[in-house]
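One line per chain: the protein sequences are D and C, in this order. For the first sequence, the residue numbers in numbering that gives the first Met the number 0 are 0 to 366. For the second sequence, the residue numbers in numbering that gives the first Met the number 0 are 0 to 285. Let me begin by presenting the structure, written as structure tokens, before commenting on it.
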Amino acid sequence: MSELELVGIRKLYEGVSRPVIPDLALTIPSGQMAVLVGPSGCGKSTTLRMVAGLEEPTAGTIKIGKRDVTNLPPAERDIAMVVQSYALYPHMTVFENMAFGLRIKHLPEAEIRKRVTAAADNLGLTQYLERQPKALSGGQRQRVAIGRALVRAPKVFLFDEPLSNLDAKLRSDMRREIARIHQQSKTTSMYVTHDQIEAMTLADMIVVLKDGVIQQIGTPVDIYERPANRFVAGFFGTPSMNFLSADLTATGERQSARGAGFEIPLGHKFSGAPTLRPAKESVDRIVVGIRPERLSLVGNADDVALSGSVAMREVLGAEVVLHLESAAGPLTVRTDAGSAPRPGDTVQVWLDPKMVHVFDGATELRL
Amino acid sequence: MSTTRRGPNPALLVLTYVGLIVLCGIVLYPVMLVCKKAFEPGSQFALSASPVPTAVTLDHFRELFTTRGGGGELLFLRHAANSIVVALLTTVVGVSLSCTAAYALSRFKFPGRKTGLTMFLVVQMFPATLLLLPLYVILNKLGLLNSIAGLVLVYSTTAIPFCVWTLKGYFDSLPRELEEAARIDGASPWMIFRKIILPLSRPALSVTALFSFMTAWNEFIMASTFMTNQTKYTLPVLIQSSVTEFSADWGLFAAGAVVTSVPVMIAFYVLQKYLVGGLTAGAVKG
Ligand SMILES: Nc1ncnc2c1ncn2[C@@H]1O[C@H](COP(=O)(O)OP(=O)(O)OP(=O)(O)O)[C@@H](O)[C@H]1O
Ligand SMILES: [Mg+2]
Chain D
0 MSELELVGIR
10 KLYEGVSRPV
20 IPDLALTIPS
30 GQMAVLVGPS
40 GCGKSTTLRM
50 VAGLEEPTAG
60 TIKIGKRDVT
70 NLPPAERDIA
80 MVVQSYALYP
90 HMTVFENMAF
100 GLRIKHLPEA
110 EIRKRVTAAA
120 DNLGLTQYLE
130 RQPKALSGGQ
140 RQRVAIGRAL
150 VRAPKVFLFD
160 EPLSNLDAKL
170 RSDMRREIAR
180 IHQQSKTTSM
190 YVTHDQIEAM
200 TLADMIVVLK
210 DGVIQQIGTP
220 VDIYERPANR
230 FVAGFFGTPS
240 MNFLSADLTA
250 TGERQSARGA
260 GFEIPLGHKF
270 SGAPTLRPAK
280 ESVDRIVVGI
290 RPERLSLVGN
300 ADDVALSGSV
310 AMREVLGAEV
320 VLHLESAAGP
330 LTVRTDAGSA
340 PRPGDTVQVW
350 LDPKMVHVFD
360 GATELRL
Chain C
0 MSTTRRGPNP
10 ALLVLTYVGL
20 IVLCGIVLYP
30 VMLVCKKAFE
40 PGSQFALSAS
50 PVPTAVTLDH
60 FRELFTTRGG
70 GGELLFLRHA
80 ANSIVVALLT
90 TVVGVSLSCT
100 AAYALSRFKF
110 PGRKTGLTMF
120 LVVQMFPATL
130 LLLPLYVILN
140 KLGLLNSIAG
150 LVLVYSTTAI
160 PFCVWTLKGY
170 FDSLPRELEE
180 AARIDGASPW
190 MIFRKIILPL
200 SRPALSVTAL
210 FSFMTAWNEF
220 IMASTFMTNQ
230 TKYTLPVLIQ
240 SSVTEFSADW
250 GLFAAGAVVT
260 SVPVMIAFYV
270 LQKYLVGGLT
280 AGAVKG
């Protein structure tokens, strides 16, 4: 059991003027799986590689289980890494691939055999032990890569988009496999992915990164229900959140967001209600965020209506995604496939005002 | 859907084959003339252009294999042994030096890396004859004239630039993730090189080994300049010595040439499955 701690990490690649990671602090509690997400090029792999010891931080400290590993070579950090390309040794059998690191550590042959067989058993690879990687399917190769990490019994697991090369079906199988292994071993893990479902289902904590800066750290529910800023709100969720520019207007006690063709009353008292800072003047620029699934074709008593014409309709099996043109801008609506209108129709969509997210127009922070 | 599978235009096919046959003929004709002479009686090169001998004899081969030198030793055996030792040593020295150099050039950053690579290319631009005199002076100073070690040294240095470039190209194409995985597994740089890189580089190593071998095996000018003592001759020098200003035994010459080219042909045949991969490998980005 060991926690992973990054303190004041900075990374400046040689010959690049702007640091990829300006100043990053992150603690992953022992036994937890932290999932790093963020747009391409935001420094996820760089962070992971610094933890692995494959890349040297320009400044800062990395601690694994309270031990400062910043200047140790990868092998002495007690970590294991699984990457997108599997990186299996092509000329060795599955057994030898998994045993390679153990042989270097000079473990007794019996112990090596025991560990490799156990890992192979765990991953359903027993019958492939004598094969070379080229004679395996993508999913099997990824299992071998995971097995190679497992046999080392490391303090920290690092995953860099391990499932990105697999097709959708296999990906969800392997995702469950990784979840199961994590449940079993309870090893502190850092997992990089582009796949939101992976992030949501695997994470104990999600770390959202943008330009090397942490935007939010939280549980999957936190991130989805209470995004810290507009970026996080827009990054999570498919299709992504609708954003409408509005003015914050106050009439006595009541505040509302007023924009082109809509007025949404704000400041209700349900938990997680947007607690608004007092408007400096009577008007303040804000951005209202609405998840597509919170817009509905049928309204309840207190709902607010928005209207628009259907520009496009995407059927996703049981659900349908409608793209509307409205006075306030484009709107995406996720709804049941059955009752959906056709392109060209003008429709009214309803919104429970308690379900909106409100962001500061200038700082983009959640209000 | 009706997709009729149409082969290539038959006329085009015929034309292609005719073209290929003509090209093969152009390449093979001189070789056939030498083979013809090797089996034809007489020491003169016949004027006939036909590649088919009028009569067949093994006399030239018998002479080649049975000629004895001043000490009563079989000349061919002695010179073949010289050639084999020189070629094998050149291969070992050339390949082992160039694979380590190429790996360093491919993976490590150090001052002079770019310059070094460029120098390797520049050296290749000079014709070997230009280097003859300076090399002679150097070998003389080192006391390595008429010595196998001297010849190996010269051949290795000639072969290394090509080998380094070929191997570096190949190493560049090997994914770095493999080395990173090995580093995490705890392998030292030397171990990564030996256990991961070298086993994966067999195609490129075959190409460079063959190249080094052939450089040493076929080379004539340097061997004849640096090896003045007849006992130190390599096969090309021996063969050439059968054709002098005063007497030319072309039959013996041809027989020697045929015999000499056999090992190279065998090497090509054995290594061919690696060669194709090795020659293209460096060109494709992995
Ligand atoms: N060796 C390097 N030298 C210079 N810049 C680099 C180097 N490696 C990465 N970078 C830059 O650092 C930034 C972050 O790269 P990184 O690979 O960490 O991104 P990432 O978040 O993993 O992206 P992706 O999701 O596409 O994998 C990128 O802008 C990249 O161009
Ligand atoms: Mg990456």
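All C-beta atoms in this analysis are idealised placements derived from N, C-alpha and C, irrespective of residue type, glycine included. Quick caveat: nothing in here was measured; it's all calculated off a predicted structure.
The beta strand (DSSP E) that contains residue i, what's its start and end?
i              : result
Y127 (chain D) : No beta strand (DSSP E) contains Y127 (chain D), which DSSP labels as neither H nor E.
V171 (chain C) : According to the sequence as given, residue 171 (chain C) is Asp; it is not Val. Taken as a continuous stretch (DSSP letters only), D171 (chain C) belongs to no beta strand (DSSP E), being part of the alpha helix (DSSP H) at I147 to S172.
V290 (chain D) : What sits at residue 290 (chain D) in the sequence shown is Arg, not Val. Counting along the chain, R290 (chain D) falls outside any beta strand (DSSP E), and DSSP gives it neither H nor E.
M190 (chain C) : Not the beta strand (DSSP E): M190 (chain C) falls in the alpha helix (DSSP H), residues P188 to I191.
K113 (chain C) : From DSSP, K113 (chain C) is part of no beta strand (DSSP E) but of the alpha helix (DSSP H) over R112 to M124.
F261 (chain D) : F261 to L265
Quick one: which chain D residues come within Cβ less than 7 Å of residue i?
i              : result
I195 (chain C) : Y88
P198 (chain C) : H90
E39 (chain C)  : Per Cβ cutoff of 7 Å: no residues; E39 (chain C) is ~50 Å from chain D at best.
Where do the ends of the alpha helix (DSSP H) carrying residue i lie?
i             : result
T15 (chain C) : P9 to F38
T45 (chain D) : K43 to A51
Would you say residue i faces chain D, with C-beta separation under 8 Å as the test?
i              : result
D184 (chain C) : yes
E72 (chain C)  : no
P174 (chain C) : yes
Y273 (chain C) : no
In the structure shown, what three-state DSSP assignment does residue i receive?
i              : result
T250 (chain D) : strand
P219 (chain D) : helix
K104 (chain D) : coil
G7 (chain D)   : strand
A117 (chain D) : helix
N164 (chain D) : coil
E363 (chain D) : coil
F156 (chain D) : strand
K185 (chain D) : coil
N96 (chain D)  : helix
H78 (chain C)  : helix
M264 (chain C) : helix
A215 (chain C) : helix
K353 (chain D) : helix
E72 (chain C)  : coil
F235 (chain D) : coil
V81 (chain D)  : strand
Y12 (chain D)  : coil
K108 (chain C) : coil
E75 (chain D)  : helix
E313 (chain D) : strand
R151 (chain D) : coil
P28 (chain D)  : coil
D58 (chain C)  : helix
Any beta-carbon of chain C closer than 8 Å to the one on residue i?
i              : result
P352 (chain D) : no
F99 (chain D)  : yes
I103 (chain D) : yes
S244 (chain D) : no
S1 (chain D)   : no
S338 (chain D) : no
S281 (chain D) : Residue placement at S281 (chain D) is poorly supported in this model, since its pLDDT is 44, which falls under 50; the coordinates are not used for a value here.
Report the neighbours of residue i on chain C: residues whose CB is nearer than 9 Å to its CB, in chain order.
i             : result
M80 (chain D) : E179, A180 and I183
For residue i, go through chain C and note every residue whose CB falls closer than 7 Å to its CB, in chain order.
i             : result
P73 (chain D) : R182 and I183
A51 (chain D) : I183
S84 (chain D) : P174 and E176
Does the beta carbon of residue i come closer than 8 Å to any beta carbon on chain B?
i              : result
V286 (chain D) : No chain B appears in the structure shown, which is made up of the protein chains D and C.
Check whether the Cβ of residue i lies closer than 7 Å to any heavy atom of ligand 4, and answer yes or no.
i             : result
G40 (chain D) : Absent from the structure shown: ligand 4. Ligands present: ligand 1 and ligand 2.
Q. Quick one, what's near ligand 2 if you take every residue whose CB is closer than 7 Å to any heavy atom, in chain order?
A. D:K43, D:S44, D:D159, D:E160 and D:V191
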